[in-house]
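Undergrad: Attaching a single structure in structure tokens format; questions to follow.
In my numbering, the protein residues as written are -9 to 87.
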């Protein structure tokens, strides 16, 4: 079983990213990251949804954001999801600007 404890989705500044930022912002989830799982962010902006694959690092999973990922203006709802084979675990969602 995987438990989401002591992880955060945080922006270092007031704004995580701006529309069309390309390869200038990193989104990183830090904490105890179990090995053997694939990590995704489920992203919703308005009615549009996307799945962004995260890359594992030392005590984190992250992605460098692209203009395609930030094509819509407004707030983005993020939910962390991990999968291992057919097992799926999701954490609570966060609203980010």
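Where is the CB? At the ideal position from N, CA and C, for every residue including glycine. Computed from a predicted structure; not experimentally measured.
Is any heavy atom of the ligand ATP found at a distance shorter than 7 Å from the C-beta of residue 26?
TA: The ligand ATP is not among the ligands present in this structure, which contains no ligands whatsoever.
Undergrad: Where does residue 22 land, buried or exposed, given buried means 16+ other C-beta within 10 angstroms?
TA: The residue given as residue 22 occupies position 32 in the chain shown. Burial call: exposed.
Undergrad: Thinking C-alpha only, which one of 27, 55, 50, 42 is nearest residue 15?
TA: On the chain shown, position 25 is the one that residue 15 refers to. Per the Cα distances, 55.
Undergrad: Check the DSSP bridge columns for residue 79 and list the partner residues they point to.
TA: Your numbering for residue 79 matches position 89 in the chain shown. Bridge partners of residue 79: 72.
Undergrad: Taking only three categories from DSSP, how would you classify residue 34?
TA: As a position in the chain shown, residue 34 is number 44, starting the count at 1. Reduced to three states, the DSSP call for residue 34 is strand.
Undergrad: Alpha carbon to alpha carbon, how far is residue 11 from residue 30? Give it in angstroms, no decimals.
TA: As a first step, residue 30 must be located in the chain shown, where it is residue number 40. As a first step, residue 11 must be located in the chain shown, where it is residue number 21. Answer to the nearest angstrom: the Cα atoms are 20 Å apart.
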